[in-house]
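Here the sequence shown stands for residues 1 to 666, numbered as in UniProt numbering.
Glycine included, each C-beta is placed from N, C-alpha and C at the ideal position.
Here the structure comes first, spelled out in C-alpha cells, and everything after it is commentary.
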Amino acid sequence: MSSRKDLANAIRALSMDAVQKANSGHPGAPMGMADIAEVLWNDYLSHNPANPQWANRDRFVLSNGHGSMLQYSLLHLSGYDVSIDDLKNFRQLHSKTPGHPEYGYTPGIETTTGPLGQGIANAVGFALAEKSLAAQFNRPGHDIVDHYTYAFLGDGCLMEGISHEVCSLAGTLGLGKLIFFYDDNGISIDGEVEGWFTDNTPQRFESYGWQVIPAVDGHDADAIRAAVEAARANKDQPTLICCKTVIGFGSPNKQGKESCHGAPLGDDEITLTREQLGWDHGPFEIPADIAEAWNAREKGAAAQAAWEEKFAAYEKAEPELAAEFTRRMAGDLPADFAEKAQAYIQECQDNGETIASRKASQNTLNAYGPLLPELMGGSADLAGSNLTIWGGCKGLTKDDASGNYIYYGVREFGMAAIMNGIALHGGFVPYGATFLIFMEYARNAVRMAALMKQRAIYVFTHDSIGLGEDGPTHQPVEQMASLRTTPNMSTWRPADTVESAVAWKAALERNDGPTAMVFSRQGLPHQARSAQQLADVAKGAYVLSDSEGTPELILIATGSEVALAQEAAAKLREKGKVVRVVSMPSTDVFDAQSAEYKQKVLPLEVTNRIAIEASIADYWYKYVGLDGRVIGMTTFGESAPAGELFKEFGFTVDNILEVADELLDA
C-alpha cells in the first residue's frame, strides 16, 4: 500500500524531472504544494478524468500558474489524457503542457492562469456561477448543481490588487463553496517576502467575511484534511486555508530558497532530492502501485454516473427545466433568438430614433433580455451611466443568488476576470460594463478572455472626447485601437440604434471569443438604410450613402462621427463631388469578409479616403493608406463641453470639407 508521502512524492518527482528536461520552469511550488494537492485530489475533488467537461465536476484552479507542473502531474496521475510523453514535452512548441496552464490545450485545465491573481478571480466567477445556477435550477429533492471550486494561490497572487477586489466581493456574496489554499511559503522571485509583504492575511480575509483557517501544516495530510472538512462544513462563507509550506520541499540545498522558484534544480540536486525523499525511481518513472493508487478514472466514472441518475430523475420531475439546463450548459442560444433579434433590428430601422447609443444598448437589452435567461449582467458601479440594467434585471445577493445582475462595485479588473470564470463555468453569458477609459483597469482580463476564446461581452460607454467636462482623465483616446489590435477580440462602435442592436446580436451569437461594444454618451441621429444596407451592417462595414458612379472620395466613419461624415458628404455632393460614406462599426468583422465584398465597399482603385473617428488617428491608416487622411486624435482631450471639444479637435463639417478639398486637389 502506497503511503500518502509516496503519492505526493510522485508529484515532486515528475515536476522536477519535467522542469529539468525542459531546462525551464518552476519546480518550487509543485514540490511545496504536493502534499496539499494529494489530499485534495485523492480525498475530495469530484471529477471524471474520462470526461473533463462533466457539468457537475468540482472546479480546480491553479492561480499561481507558474507552478503548472503541479497540475500537469495531477492530471497525468489521476488519469486524464496527459501522457508521460506530454510531461516530457513540457514547455515545448504545440505541446499539451505549455509553460503556464492554458485552457483548451490540456484536458482538465479549467482556465488559463499565470498573470497572478486572475486565477483567484476566475475561481470566484466559477463559484458565483455555481451558486446562481443552483438557485435557478435546483428544486427540492433535486440538487443537480452542487459542486465546489478549489483554488491554489501564493504570496504573489495575494499581493496583486485584483485579489482584494474579488475576495471582498466573494465574502459579500457568501460564496460558501469556494475554498482557497494559500501556499504560505514566504518566498517570491526576489527572495523572502517579509521585506515587501507583511500583511496579516488571516485578518484581511476575515474582514472580507471569509472563514479563515490559519497556520495549517501544508506537509501534514491529517492537518490538511481537518482544514478541508471545516471549509466544506461552512456553506455560508468562502474559506481561506493558510498552509505553511516549504518551497522546493525535499531539495537538500534549495528548499526554502528563491533559487528553486523559477529555475531547474540541476541534475546533481535532483539526485540528492531523490535520496532525501526516498524516491528510488528513475526520471519520469511511476511505480505501478503508486500509479494505481492515483488513478481516479473508476471513481470519476462512478461520480458522474450517480449524478446522471439524479439528473434523469430531475428530467422526469422538471422536464422543461432539465431541457433548459442542458441547452444553457451547451452554450446554445434559444432556437428562436436569431429570428426575434432580427425582427427587433428591423423595428429599430423603422422607428428611426435619435438617442445616445448607450440608451440604444439598454433598449436592445430590454428586447433581447427576456429571450435569454442565460444573460448575467453587471456593471462596475456605473449602471446609471452605462445603462446596463434592463426591465428584467434582478440583483444577485448572498441570500438570493437566483438573480441575473451583479453589482460589482468599483472593481473593473475584478469584474472582467470574474466574467471569465462565469463564462468558463458554463450556463451563463456574462456582460459587464464601465466607461471605455476604465477598460484600462480591466485590460489584462479582457486580453485573457480573447486568449481563452470566451464569450464575455463588454459594454464600454462614454466613448470619446464627447463625454465632455470630465476632461482627459475620462476621455478615451487610444483604447479603441488597443481593443481592435487585440487578437480574437471583436469590437463594435455603433452609429445609431440599428447598429447597436446588430452589435448586441453579433456579440451574443459569437461563441469563440469576447466582444467589446463601445457606446456614446451623446445622442446619435438615426441613419436611413435600404434592406440591403440593413443586412450589410452585420458585415462590419457597408456603404451607407453613395453618389452615382465610381467615387472620387470615400469617407469612413464610426459611431458619433458617422452623422458628421454624412453631413459633410451632402455638402460635397452639392459641389459636384462623387462621394461615398462607409460606416464601419466593426473593423475586425469587416476584415473577415470576402475579398469581393471588401473591394465592393472600399475599391482599391479609389485612393482618396478620409477616416473620421474621435479616437487615436494612427489606427486608421490601414484603411486610408499613407496617401489618405485621418481626422482623429493625436493628443489627449481637454475639459470642456462636448460641442466645444469636437470643434477644438477638428470634428466639424467645415474641417472635413477642408481636408477633402486638400486631398482632391493634391
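Just curious, the beta strand (DSSP E) that residue i is in, first and last residue?
i, result
"S615", "609-616"
"I290", "No beta strand (DSSP E) contains I290, which is instead part of the alpha helix (DSSP H) from 288-294."
"I241", "239-244"
"T461", "457-461"
"V543", "542-545"
Would you tell me roughly how many angstroms separate the C-alpha atoms of residue i and residue j, rounded to the nearest one?
i, j, result
"A135", "A221", "34 Å"
"Y148", "N138", "15 Å"
"L467", "A306", "56 Å"
"R629", "V659", "8 Å"
"S3", "A341", "60 Å"
"A154", "N9", "Looking at the sequence provided, one finds Gly at residue 154 rather than Ala. Going by the C-alpha atoms only, they are around 20 Å apart."
"E412", "G266", "42 Å"
"P252", "W196", "26 Å"
"R447", "Q454", "10 Å"
"A50", "A293", "17 Å"
"G432", "G403", "15 Å"
"P140", "L175", "21 Å"
"V562", "Y458", "22 Å"
"D627", "I345", "37 Å"
"R358", "N366", "13 Å"
"residue 717", "F646", "This structure cannot speak to residue 717, because the chain is shown only from 1 to 666."
"K316", "D143", "14 Å"
"A450", "P98", "18 Å"
"V246", "T201", "18 Å"
"F284", "F337", "51 Å"
"E574", "E478", "35 Å"
If you run the structure through DSSP and keep just helix, strand and coil, what is residue i?
i, result
"A301", "helix"
"P430", "strand"
"V145", "coil"
"C157", "helix"
"P370", "helix"
"S63", "coil"
"F636", "coil"
"P214", "strand"
"L396", "coil"
"M489", "coil"
"R580", "strand"
"T515", "strand"
"G125", "helix"
"L365", "helix"
"A642", "helix"
"L663", "helix"
"G468", "coil"
"G523", "strand"
"I631", "strand"
"S132", "helix"
"K316", "helix"
Which residues share a DSSP beta bridge with residue i?
i, result
"G191", "S188"
"R139", "H142"
"L178", "T149"
"F90", "Answer by DSSP bridge pairing: none, since F90 is not bridged."
"D183", "G154, C243"
"S379", "Y407, A433"
"L555", "V581, I610"
"A356", "G523"
Terminal residues of the continuous alpha helix (DSSP H) containing residue i?
i, result
"S482", "479-484"
"S385", "383-386"
"S207", "201-208"
"K600", "595-601"
"F249", "F249 -> no alpha helix (DSSP H), and no H or E assigned at all."
"V228", "221-233"
"R327", "319-330"
"D350", "337-351"
"Y72", "68-78"
"Q532", "531-536"
"F590", "587-591"
Among the candidates the options, whose CA atom is the shortest distance from the CA of residue i?
i, options, result
"M436", "L572, H474, A401", "Looking at the sequence provided, one finds Leu at residue 436 rather than Met. Closest option to L436, Cα to Cα, is H474."
"A417", "Y441, N404, L14", "Y441"
"R609", "Q237, I616, G625", "G625"
"D236", "N51, T397, M480, W196", "T397"
"Y623", "A541, E567, A570, E648", "A541"
"F519", "S361, E229, A296", "S361"
"I224", "I241, Q211, Y208", "I241"
"T607", "L572, L663, V410, R573", "L663"
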